[in-house]
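Peer 1: First the structure, which I've put down as structure tokens, then a few questions once you've had a look.
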Amino acid sequence: MRSILVTGGAGFIGSNFVHHVVDSTDASVTVLDNLTYAASREAIDGLPGDRVDLVVGDIADADVVDPLVAEADAVVHFAAESHNDNSLNDPSPFVRTNLVGTFTLLEAVRRHGTRFHHVSTDEVYGDLELDDPARFTETTPYNPSSPYSSTKAGSDLLVRAWVRSFGVAATISNCSNNYGPYQHIEKFIPRQITNVLDGRRPRLYGEGLNVRDWIHTADHSSAVWAILERGRIGETYLIGADGEETNRDVVETILDLMGQPTDAYDLVTDRPGHDMRYAIDSTKLRTELGWAPQFTDFRSGLAATIDWYRANEAWWRPSKDAVEARYAEAGQ
1 MRSILVTGGA GFIGSNFVHH VVDSTDASVT VLDNLTYAAS REAIDGLPGD
51 RVDLVVGDIA DADVVDPLVA EADAVVHFAA ESHNDNSLND PSPFVRTNLV
101 GTFTLLEAVR RHGTRFHHVS TDEVYGDLEL DDPARFTETT PYNPSSPYSS
151 TKAGSDLLVR AWVRSFGVAA TISNCSNNYG PYQHIEKFIP RQITNVLDGR
201 RPRLYGEGLN VRDWIHTADH SSAVWAILER GRIGETYLIG ADGEETNRDV
251 VETILDLMGQ PTDAYDLVTD RPGHDMRYAI DSTKLRTELG WAPQFTDFRS
301 GLAATIDWYR ANEAWWRPSK DAVEARYAEA GQ
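First residue of the sequence shown: 1, per UniProt numbering; consecutive thereafter.
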């Protein structure tokens with residue numbers, strides 16, 4: 001695979017994957033990104049111009065997608081509308097990007113016989129009870145609870161159908177919650193970090209007892225590359241790093257790392273349909289492909305993430321007030 005097309009490669013997880021490919025392989029990368037509010041050119045600035053090319057365009061536009069797929073050895077599909085709160089306010093962009101966009105890409109890879117990897121989320125499985133010892137596996141039934149997770153579930157099913165019906169050479173991964181550099185500040189961890197940097201109090205939905213299974217985005221990137229290289233066609237792999245934490249524990253750790261009292265946060269109105277717990281069993285990925293996470297200490301990974309946001313205020317500052325204004329309107 002000498003030439004990789006990465007959709008959503010100027011967004012948070014996609015841009016970190018592009019950096020991983022450049023740093024650890026000799027492949028060239030074409031990034032296809034619509035540069036919506038959650039993406040930025042800065043996320044891939046500084047990468048060698050002879051190996052990384054940015055094309056600004058919509059994955060739902062077949063005229064843009066087809067020639068790029070024709071030139072690629074593989075497509076890694078990160079592009080998605082992904083913020084649950086936004087999907088509750090307006091589901092339509094989620095349907096277009098996550099469903100129509102994935103369909104458009106699948107038709108292109110079918111025409112050109114191109115290897116395809118589809119990046120998805122553990123949210124397609126719904127949620128687990130807090131006292132349930134189980135974790136999600138590749139055979140867990142889908143039970144999405146929001147327009148975001150339901151459109152991602154639909155896109156997964158499209159990939160499975162195109163593998164079975166048309167012989168598309170595709171794999172799927174469902175990953176737990178990512179954290180790390182270049183994540184938009186509307187998301188949970190960067191919102192709390194930038195609130196503290198701004199002298200604002202962090203905000204927690206409900207009682208803050210919801211559990212998420214955190215993974216550093218660098219580990220997600222290495223897992224996706226392992227699947228692209230060695231994964232079995234038609235298979236789904238769950239990506240996780242055994243990082244279960246309550247939202248309250250995450251906020252209190254952020255406050256502690258930033259030298260603040262650990263109770264210096266506010267509880268706000270919970271989000272409708274808020275999933276209680278996610279937990280990933282990544283045994284298949286680890287045993288079959290020999291993958292293992294490198295960021296196994298969540299506290300140290302969080303400290304490095306705080307340092308990044310502290311050092312890159314110019315990147316997040318322009319959108320901070322608008323983000324907080326939207327949350328304030330919702331009482332959150």
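We treat Cβ as the ideally placed atom computed from N, Cα and C, and that holds for glycine.
Any idea what DSSP makes of R277, helix, strand or coil?
Peer 2: Three-state DSSP puts R277 in a strand.
Peer 1: CB A10 to CB L228, shorter than 9 angstroms?
Peer 2: Against a cut-off of 9 angstroms, the Cβ pair of L228 and A10 comes out as no contact.
Peer 1: Please report the distance separating the alpha-carbon of R203 from that of D122.
Peer 2: Distance between the alpha carbons of R203 and D122 is about 24 angstroms.
Peer 1: Expressed to the nearest angstrom, what Euclidean distance is found between the alpha-carbon atoms of R96 and Y148?
Peer 2: Going by the C-alpha atoms only, they are around 11 angstroms apart.
Peer 1: In three-state terms, what does DSSP make of T102?
Peer 2: Reduced to three states, the DSSP call for T102 is helix.
Peer 1: Does the Cβ of A226 have 16 or more other Cβ atoms within 10 Å, making it buried, or fewer, making it exposed?
Peer 2: Flag for A226 reads buried.
Peer 1: Excluding the 5 residues preceding and the 5 following H216 in the sequence, name in chain order all residues of the same chain whose CB lies nearer than 6 angstroms to its CB.
Peer 2: G180, F295, G301, listed in sequence order.
Peer 1: Between the Cα of A134 and those of R41, E324, D297, R277, spot the shortest distance and give me the residue it belongs to.
Peer 2: Comparing Cα-Cα distances from A134 to each of R41, E324, D297, R277, the minimum goes to R277.
Peer 1: For my contact list, K320 and D198 are in at a C-beta cut-off of 8 angstroms; report their separation, rounded to the angstrom.
Peer 2: At roughly 7 angstroms, the Cβ-Cβ gap stays under 8 angstroms, so K320 and D198 are in contact.
Peer 1: In angstroms with no decimal places, state the Cα-to-Cα distance between L35 and A43.
Peer 2: Cα to Cα, L35 sits roughly 11 angstroms from A43.
Peer 1: Nearest to residue 349 by CA position, among T137, F166, E288, Y37, is which residue?
Peer 2: Examination of residue 349 is not possible in this model, given that the chain is present from 1 through 332 alone.
Peer 1: So within the region 71-144, which uninterrupted beta strand (DSSP E) runs reach at least 3 residues, ignoring any that extend past its ends?
Peer 2: Within the region 71-144, the complete beta strand (DSSP E) runs of at least 3 residues are 74-77, 115-121.
Peer 1: Looking only at its own chain, which residues have a Cβ that is under 6 angstroms from the Cβ of T236, when we skip the five neighbours before and after it?
Peer 2: Same-chain partners within the cutoff: E138, I172.
Peer 1: Using CA coordinates, which residue listed in F188, A80, E81, L32 is at the minimum distance from V65?
Peer 2: Of F188, A80, E81, L32, the residue nearest in Cα terms is L32.
Peer 1: To which residues of the same chain is R317 closer than 8 angstroms at the C-beta, ignoring the five residues directly before and after it?
Peer 2: Contacts found: none.
Peer 1: Quick check on Y309: does DSSP put it in helix, strand or coil?
Peer 2: The answer is helix: DSSP assigns Y309 an H, G or I state.
Peer 1: Figure out for me which residue from T30, N195, V76, D297 has the closest Cα to the Cα of Q260.
Peer 2: Among T30, N195, V76, D297, the Cα nearest to that of Q260 belongs to N195.
Peer 1: Where DSSP assigns a beta bridge to N178, which residues make up the other side?
Peer 2: N178 pairs with I215.
Peer 1: Return the CA-CA distance between D266 and E244, expressed in angstroms with no decimal places.
Peer 2: For D266 and E244, the distance between alpha carbons rounds to 22 angstroms.
Peer 1: Go ahead and pull the three-state DSSP assignment for R326.
Peer 2: In the structure shown, R326 sits in a helix (DSSP, three-state: H, G or I).
Peer 1: Would you mind working out which of Q183, L99, I189, E207 sits nearest L157, comparing C-alpha positions?
Peer 2: Measuring from the Cα of L157, the nearest candidate turns out to be L99.
Peer 1: Nearest to E207 by CA position, among F188, H220, R248, R191, is which residue?
Peer 2: Selected option, being the one with the closest Cα: R248.
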